[in-house]
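The end of the sequence shown is residue 312 by UniProt numbering, with every number in the run present.
The structure under discussion appears below in the form of C-alpha cells.
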Amino acid sequence: MACAAVMIPGLLRCSVGAIRIEAASLRLTLSTLRHLTLTSIMKSKRKTDHLERTASVLRREIVSAAKVCGAASESPSVKSLRLLVADQDFSFKAGQWVDFFIPGVSVVGGFSICSSPRLLEQERVIELAVKYTNHPPALWVHNTCTLDCEVAVRVGGEFFFDPQPADASRNLVLIAGGVGINPLLSILRHAADLLREQANKRNGYEIGTIKLFYSAKNTSELLFKKNILDLVNEFPEKIACSLHVTKQTTQINAELKPYITEGRITEKEIRDHISRETLFYICGPPPMTDFFSKQLENNHVPKEHICFEKWW
Numbered sequence: 001m002a003c004a005a006v007m008i009p010g011l012l013r014c015s016v017g018a019i020r021i022e023a024a025s026l027r028l029t030l031s032t033l034r035h036l037t038l039t040s041i042m043k044s045k046r047k048t049d050h051l052e053r054t055a056s057v058l059r060r061e062i063v064s065a066a067k068v069c070g071a072a073s074e075s076p077s078v079k080s081l082r083l084l085v086a087d088q089d090f091s092f093k094a095g096q097w098v099d100f101f102i103p104g105v106s107v108v109g110g111f112s113i114c115s116s117p118r119l120l121e122q123e124r125v126i127e128l129a130v131k132y133t134n135h136p137p138a139l140w141v142h143n144t145c146t147l148d149c150e151v152a153v154r155v156g157g158e159f160f161f162d163p164q165p166a167d168a169s170r171n172l173v174l175i176a177g178g179v180g181i182n183p184l185l186s187i188l189r190h191a192a193d194l195l196r197e198q199a200n201k202r203n204g205y206e207i208g209t210i211k212l213f214y215s216a217k218n219t220s221e222l223l224f225k226k227n228i229l230d231l232v233n234e235f236p237e238k239i240a241c242s243l244h245v246t247k248q249t250t251q252i253n254a255e256l257k258p259y260i261t262e263g264r265i266t267e268k269e270i271r272d273h274i275s276r277e278t279l280f281y282i283c284g285p286p287p288m289t290d291f292f293s294k295q296l297e298n299n300h301v302p303k304e305h306i307c308f309e310k311w312w
C-alpha cells in the first residue's frame with residue numbers, strides 16, 4: 001500500500017483517461033464498482049486505508065475488470081498474482097500501483113505492479129506481489145483467491161519511470177527494502193526492455209547504467225531473485241545488483257553468494273553512485289526511505305533526482 005512520492009519533472013508523466021469499463025468477457029458493472037469504492041470509504045476508517053491515504057494522489061479514471069490467471073508463492077510471506085486485463089484502454093507506467101477492487105470485500109487494496117509495461121502490451125497481463133497481513137485485501141489474496149477470480153483495477157501513483165526518446169540519458173540507482181522491491185522491479189524490467197529495444201532498433205531512449213540495492217531479512221525473503229540475476233547476466237555491463245540480508249541464519253547458496261552482503265545497505269554504498277546523470281528511486285519501510293532520501297539531499301543530490309515512495 002503506497003503513500004507518498006516525490007515526482008521527477010520531465011521523466012515522470014501521467015495521463016487521465018475517460019471512464020471506460022471494457023474488458024471483453026471480463027465485466028463488472030459501473031454500479032458494482034461504485035458500491036465497492038463507497039463501501040470501502042464508509043466502512044474502513046483506519047489510518048491505513050488505501051483510498052483515504054492516497055486521496056490526493058493522481059490516478060486514472062479508468063476502472064478495468066481483470067481475471068486472475070496465475071498465482072505463486074514468492075516467499076514464505078508473499079504471494080504473486082498474474083492478472084489478465086483485456087481492456088485495451090488500461091495502461092500504466094513502470095513503478096505505479098493499482099487500486100484493487102474485490103467483489104465481496106468492502107476494503108479497496110493498493111498494490112504496486114511489479115511487471116513491465118511491455119508484458120501488458122504483449123500479453124494483456126500485469127503482475128502483483130502481495131505480502132501477508134491482516135488487511136482484508138491481502139487476506140483475500142492469500143486465503144481466498146483462486147484462478148479465474150474476477151476483480152477490478154485502477155492505476156494510480158506519481159512514482160514511476162517513463163523516459164521519452166528525446167530525454168537525456170540517465171543512470172538509475174534503485175534502493176529497495178522488503179516488499180518495496182515491487183515497483184522497483186517494474187522499473188528494472190522496463191529498463192531492460194529499453195536496453196533490448198536500443199540493441200534491436202538502434203534508436204529509442206538511451207538509458208545508462210542501473211544499480212539495484214535490495215535489502216531483506218534473509219535470502220528467502222529476497223523476492224524475484226532469479227528474475228533479478230537473469231537481468232544482471234543478460235546485461236552485465238549495464239545492470240548490477242547488491243543484495244543485502246540483515247538476519248540471515250542459514251548458509252547462503254553458491255549462486256547467490258557473490259551478490260550477497262550481510263548487513264544493511266550503507267550510506268557510503270549509495271554515495272559512491274552519486275553523479276549529475278543519476279536518478280534515485282527508493283521504496284521500502286518509512287525509516288529506510290526517510291534515511292536515504294535525507295542522506296542524498298545532504299550530499300547535494302537535487303530533489304528532482306530523488307523519487308521515493310513509502311510503504312506501511
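Heads up, the beta-carbon is just placed ideally off N, CA and C, and yes, glycines get one too.
Just so we're clear, the structure is a prediction, and the values are computed from it rather than from any experiment.
Collapsed DSSP secondary structure at residue i in the structure displayed
i: A129; result: strand
i: F292; result: helix
i: H305; result: helix
i: R82; result: strand
i: N171; result: strand
i: K310; result: strand
i: L184; result: helix
i: I282; result: strand
i: R59; result: strand
i: V151; result: strand
i: V141; result: helix
i: H300; result: coil
i: E121; result: helix
i: S112; result: strand
i: L51; result: helix
i: K225; result: helix
i: D162; result: coil
i: E277; result: coil
i: H190; result: helix
i: K93; result: coil
For residue j and residue i, the rounded distance between their alpha carbons
i: A176; j: D49; result: 23 Å
i: A86; j: V151; result: 12 Å
i: A94; j: E158; result: 10 Å
i: S169; j: T209; result: 10 Å
i: K303; j: D148; result: 43 Å
i: D310; j: G156; result: Note on residue identity: the sequence assigns Lys, not Asp, to residue 310. The straight-line gap from Cα to Cα measures roughly 15 Å.
i: L188; j: T54; result: 24 Å
i: S75; j: L256; result: 16 Å
i: K268; j: I274; result: 10 Å
i: D89; j: L120; result: 11 Å
i: E52; j: F100; result: 14 Å
i: E206; j: Y281; result: 18 Å
i: F292; j: C241; result: 17 Å
i: E234; j: N200; result: 14 Å
i: L174; j: L58; result: 22 Å
i: V108; j: A191; result: 30 Å
i: S77; j: N203; result: 41 Å
i: E221; j: P285; result: 15 Å
i: L229; j: P136; result: 33 Å
i: T146; j: S80; result: 12 Å
i: T289; j: G178; result: 12 Å
i: T250; j: R60; result: 44 Å
i: P287; j: H142; result: 27 Å
i: F161; j: G180; result: 15 Å
i: I260; j: V245; result: 7 Å
i: F308; j: L212; result: 14 Å
i: E237; j: S91; result: 30 Å
i: H305; j: P165; result: 19 Å
i: N134; j: Q122; result: 34 Å
i: I252; j: T266; result: 21 Å
i: L38; j: S56; result: Any answer about L38 is weak, because its pLDDT of 46 lies below 50 and its placement is not dependable; what the coordinates show is given next. Rounded to the nearest angstrom, the two C-alpha atoms are 17 Å apart.
i: V198; j: V301; result: The amino acid at residue 198 is misidentified as Val; the sequence shows Gln. Each residue's Cα considered, the two are about 28 Å apart.
i: A254; j: I62; result: 46 Å
i: Q96; j: P258; result: 31 Å
For residue j and residue i, believed in contact at Cβ under 8 Å, the rounded distance
i: L194; j: Y214; result: About 20 Å; that fails the 8 Å criterion.
i: V98; j: W140; result: Contact flag wrong, Cβ pair sits at about 15 Å.
i: L296; j: L172; result: 14 Å between Cβ atoms; not a contact.
i: N182; j: S112; result: 4 Å
i: R271; j: N299; result: 6 Å
i: residue 361; j: S64; result: Outside the modelled stretch of the chain, which goes from 1 to 312, sits residue 361, for which no answer is possible.
i: A66; j: L84; result: 6 Å
Proximal residues to residue i (C-beta, below 8 Å), its chain only, five neighbours per side dropped
i: E277; result: A168, S169, R170, N171, G208
i: T144; result: none
i: A138; result: G109, V130, K131, Y132
Same chain only: Cβ atoms within 6 Å of residue i, ignoring 5 sequence neighbours per side
i: R82; result: C69, G70, V125, E127
i: I239; result: I210, L231, V232
i: L185; result: C114, F224
i: P103; result: none
i: R118; result: D193
Own chain, CB closer than 7 Å to residue i, minus 5 neighbours either side, in chain order
i: K247; result: K217, N218
i: S116; result: A94, S186, R189, H190, D193
i: R196; result: none
i: A4; result: With a pLDDT of only 39 at A4, under 50, the local geometry of the prediction cannot be trusted, and the value read off the model is given with reservation. Here the set comprises E309, K310.
i: E262; result: V245, Q248
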